[in-house]
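Engineer:
Residue numbers (this note's numbering), protein chains in the order written: chain A, 62 to 374; chain B, 1242 to 1756.
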């Protein structure tokens, strides 16, 4: 497993370099000047030039690029142009919050989505199925800034069960879990909606296979047919969707982070983009890509566990 | 001897530690701010509202605005207990208070720190406010507690430059030199509160400075929370998770917040004046009739009604009202027929379309859309190119928009506003550019003469004349002034009457308390 990971990480290096180059070039092509963001709107071109020189932004692009890649390879991502804080410190401070939310939403989404999807498939075209499909459509249609605010109004203001400010103390586990509930449910419901739909169709396909009929003919109990024969064969698309969705959640939970006042990777990425914080964006992209590679590797590993043919291939 | 010294030092440290512990045992004030994170907390780089608000709690100037006021006439001693000036107004001598301690055990404030701070604030590479110090010839320490500033030429308000605002904050030389690049996130000042830590995306935590020279603060800690979503911040305030909340300059918000139990909404100065700056040297606004038509098409009263009577007021000149040197101007009245007539005379009988670059920042975009509708009634169509805010700032400085909606507050002396927005030296795309989008330079002589004059009446006369010239030439059309809004729970007593704050947020002083 270790070697598998190492191999995957090494294989991801070209992708990483390509992404880095793209990010490096794109953020610099986009109009907007970090010196103006730092100096404010009363800055003279003279002052902006002096600052650009101090930040090293006046050097030729390729020098900046080589410098950045060399340092990045050694694990040094430098400091944020805007706040002056080391990028790794910034990321380390928010990453636990992002991972908490991503993992919790994944667990919630899967725990709700898979059983509901199976249930809907087993009751195809009946009231339960229709209800599950409508509910999952609603889950997909409600943006977080609507469902999130609604959840806050109800659970925080009306019932006072959860705080509005969801940024938790990382050293205080009960506090951390408590503040995770509302964002997890809000984000997890969207994920559950996706998983419900995928599980339902995967189960429908797998339940109509010949081996299911054979198993039933052999007299295997129905429960075992569904959970072992049916679900195991339907699990590949489900794992794919969960893997994809986890990747998306890592950097795109920004709306949830904003509504529930949680720190997070998505929020930092958007902030760095707004402020033209080149170094921060570059560092974030490397870390984000690395996380995606890890998620994809784990997904591939799971394929192997679920379907031995994948491993053999 | 050595033992005695060690014992004395030990006792002193123990006393200081007890004092710190006592001060920190006070209640925590929770302030909600509409931003994602703080930027650079070196006060000489604090340019955004979120940074300005917090550095004002951590630093002092040689002098300060009386808490709750932005009136330059009410400037009072801060780190300097007294000062004198030469007859020609070019030499200023400040006598520092004794015994003022820096945060974090960085020792007593001396003239050396003041000299270092001013030189740092006056250097482009280490400060965003270097331009304010252009007239400074020398800053030197006469002795350990006396600083002398010699000016090349007179400035409208030297006290304004050395006050607790922008480049005037005094930092610890030893801390700045020791911490180097890290000083931006671990700054050391002398103010009532010291920075404990910043958690990115989350909050800045401050603790009371028990050794503060005006006395230990009554509040133990400040938790400065970064909450960009207005809705979430309002809910947190409503849920009593915040004591002070950054408010929206919007009548509906104010009315709604005022209805919350135990809540006070403070509306205070400085007002941000929004002006439509017109490029007077390029078509179509190089024809004064087109500029006059646009000025007639604007309906200021309607803009104020849209935004709210409590929080906005009509612009009356090209300088915000209340600034030293402000002079109300007879502006062209709202008159659609006259606007159409002028457009026809200028060769646009069927109206005209102007391509304008504007920001997507919601409050600025909303106002611009109202202006767009007003101008459309007179036949002027604004083709708005809405871009992201950083792009907007860059492109308007590249002179790409013939009309620029710009809203700003500055140090409350007419000179700054007039120089940055309407002096020939500040014209965009020149080496000395600031924010002169109109390319007007007709009042340069008056602005320059007023800056170096030592006679306040003469200054007022020259500033009034400059405003008259610029207004008659329609270099810009003043729209409205928007005040600052913060809500607080009634348990918060700032310790002064909040009528204004140059740090753009409530000043938290040693007298602020939570009842």
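C-beta: ideal position from N, C-alpha, C; glycine also.
Note down, in chain order, every chain B residue with its Cβ under 9 Å from the Cβ of residue 144 (chain A).
Structural biologist: The answer, in chain order, is 1278, 1279, 1280, 1281, 1282, 1425, 1426, 1439, 1441.
Engineer: Are the C-beta of residue 1540 (chain B) and some C-beta of chain A separated by less than 8 Å?
Structural biologist: With 8 Å as the cut-off, residue 1540 (chain B) does not count as an interface residue toward chain A.
Engineer: Taking Cβ positions only, does residue 1664 (chain B) come closer than 8 Å to chain A?
Structural biologist: No, because no Cβ of chain A sits closer than 8 Å to the Cβ of residue 1664 (chain B).
Engineer: With three or more C-beta pairs closer than 8 Å as the rule, is the region 168-176 of chain A touching the region 1450-1468 of chain B?
Structural biologist: Flag = no, the region 1450-1468 of chain B and the region 168-176 of chain A do not touch.
Engineer: Just the Cα atoms here: how many angstroms apart are residue 1511 (chain B) and residue 1307 (chain B)?
Structural biologist: Rounded to the nearest angstrom, the two C-alpha atoms are 14 Å apart.
Engineer: Compute the Euclidean distance between the alpha carbons of residue 1349 (chain B) and residue 1747 (chain B), then round it to the nearest angstrom.
Structural biologist: Computed Cα separation, rounded: 27 Å.
Engineer: In whole angstroms, what separates the C-alpha of residue 1359 (chain B) from that of residue 1384 (chain B)?
Structural biologist: One C-alpha to the other measures close to 16 Å.
Engineer: How about the region 1542-1558 of chain B and the region 1476-1492 of chain B: do they share at least three Cβ pairs that are nearer than 8 Å?
Structural biologist: Flag = yes, the region 1542-1558 of chain B and the region 1476-1492 of chain B touch.
Engineer: List the residues of chain A that residue 1369 (chain B) touches, going by C-beta distances under 9 Å, in chain order.
Structural biologist: Those are 99, 100, 101, 103, 104, 108, 112, listed as they occur along chain A.
Engineer: Taking only three categories from DSSP, how would you classify residue 1435 (chain B)?
Structural biologist: Here residue 1435 (chain B) sits in strand by DSSP.
Engineer: Pull up the distance between the alpha-carbon of residue 263 (chain A) and that of residue 1495 (chain B), whole angstroms please.
Structural biologist: If I take the Cα positions, the gap works out to 53 Å.
Engineer: Cβ atoms of residue 1561 (chain B) and residue 1658 (chain B): under 8 Å apart, would you say?
Structural biologist: The answer is yes: Cβ separation under 8 Å.
Engineer: May I ask you to report which of helix, strand or coil DSSP gives residue 1626 (chain B)?
Structural biologist: Looking at residue 1626 (chain B) - three-state DSSP - the assignment turns out to be strand.
Engineer: Roughly how many whole angstroms lie between the Cα atoms of residue 146 (chain A) and residue 1441 (chain B)?
Structural biologist: For residue 146 (chain A) and residue 1441 (chain B), the distance between alpha carbons rounds to 9 Å.
Engineer: Tell me which residues of the region 1467-1487 of chain B have at least one Cβ-Cβ distance to chain A shorter than 7 Å, keeping chain order.
Structural biologist: Those would be 1468, 1469, 1470, 1472, 1473, 1476, 1477, 1479, 1480, 1482, in chain order.
Engineer: Taking Cβ-Cβ distances below 9 Å as the criterion, which residues of the region 185-214 of chain A are in contact with chain B?
Structural biologist: Going along the region 185-214 of chain A in chain order, one finds 206, 209, 210, 213, 214 with a Cβ nearer than 9 Å to chain B.
Engineer: Determine whether the beta carbon atoms of residue 1456 (chain B) and residue 1514 (chain B) lie at a separation below 8 Å.
Structural biologist: Not in contact: residue 1456 (chain B) and residue 1514 (chain B) (Cβ atoms no closer than 8 Å).
Engineer: Report yes or no: is there a C-beta of chain B within less than 8 Å of the C-beta of residue 115 (chain A)?
Structural biologist: Output row for residue 115 (chain A): interface = yes.
Engineer: Looking at chain A, which residues of the region 1640-1662 of chain B have a Cβ within less than 9 Å of any of its Cβ atoms?
Structural biologist: Listed in sequence order: 1647, 1649, 1651, 1657, 1661.
Engineer: Helix, strand or coil: how does DSSP classify residue 1296 (chain B) here?
Structural biologist: Helix, per DSSP.
Engineer: Under 8 Å, with one C-beta from each stretch per pair, do the region 116-128 of chain A and the region 1403-1423 of chain B reach the 3-pair mark?
Structural biologist: At 8 Å Cβ cutoff, the stretches do not touch.
Engineer: Would you kindly work out how many angstroms separate the C-alpha atoms of residue 1320 (chain B) and residue 1505 (chain B), rounded to a whole number?
Structural biologist: Rounded to the nearest angstrom, the two C-alpha atoms are 32 Å apart.
Engineer: What does the alpha-carbon distance come out to for the pair residue 1582 (chain B) and residue 320 (chain A)?
Structural biologist: Looking at the two C-alpha atoms, the distance is approximately 51 Å.
Engineer: Leaving out the 5 sequence neighbours to the left and right, which residues in its chain are closer than 7 Å to residue 1414 (chain B) when beta-carbon positions are compared?
Structural biologist: Excluding positions up to five away in sequence, the list reads 1353, 1354, 1357.
Engineer: Residues of chain B with CB closer than 8 Å to the CB of residue 94 (chain A), please, in chain order.
Structural biologist: Within 8 Å Cβ-Cβ: 1631, 1634, 1635.
Engineer: Taking residue 1295 (chain B) and residue 1282 (chain B) to be in contact with their CB atoms under 8 Å, please state how far apart those CB atoms are, rounded to whole angstroms.
Structural biologist: The Cβ separation is near 7 Å, so the contact holds.
Engineer: Quick one: Cα of residue 1668 (chain B) to Cα of residue 1605 (chain B), how far?
Structural biologist: One C-alpha to the other measures close to 23 Å.
Engineer: Let me see if you follow: with CB-CB separation under 8 Å, is residue 218 (chain A) close to chain B or not?
Structural biologist: Yes, because at least one Cβ of chain B sits closer than 8 Å to the Cβ of residue 218 (chain A).
Engineer: Would residue 1593 (chain B) and residue 1637 (chain B) qualify as a contact pair, given that the criterion is a beta-carbon distance under 8 Å?
Structural biologist: The answer is no: Cβ separation not under 8 Å.
Engineer: What is the C-beta distance between residue 1644 (chain B) and residue 1683 (chain B), in whole angstroms, given that I count them as a contact (C-beta under 8 Å)?
Structural biologist: In fact, because the Cβ distance is near 19 Å, the residues do not count as touching under 8 Å.
Engineer: What are the residues that DSSP puts in a beta bridge with residue 1335 (chain B)?
Structural biologist: Answer is B:1324, B:1388, bridged to residue 1335 (chain B).
Engineer: Where does residue 1262 (chain B) land, buried or exposed, given buried means 16+ other C-beta within 10 angstroms?
Structural biologist: Residue placement at residue 1262 (chain B) is flagged as unreliable, the pLDDT there being 43, under the threshold of 50; a coordinate-derived value is accordingly withheld.
Engineer: Could you spell out the range, first to last residue, of the beta strand (DSSP E) harbouring residue 1302 (chain B)?
Structural biologist: Segment: none, residue 1302 (chain B) is in no beta strand (DSSP E) and carries neither H nor E.
Engineer: Since residue 1377 (chain B) sits in a beta bridge, which residues does DSSP pair it with?
Structural biologist: BP columns for residue 1377 (chain B) point to B:1392.
Engineer: Taking 8 Å as the threshold, find out whether the region 354-366 of chain A comes into contact with the region 292-309 of chain A through three or more Cβ pairs.
Structural biologist: Enough Cβ pairs lie closer than 8 Å, so yes.
Engineer: Rounding to the nearest angstrom, what Cα-Cα distance links residue 209 (chain A) and residue 1734 (chain B) in this structure?
Structural biologist: Straight-line Cα distance between these residues: approximately 33 Å.
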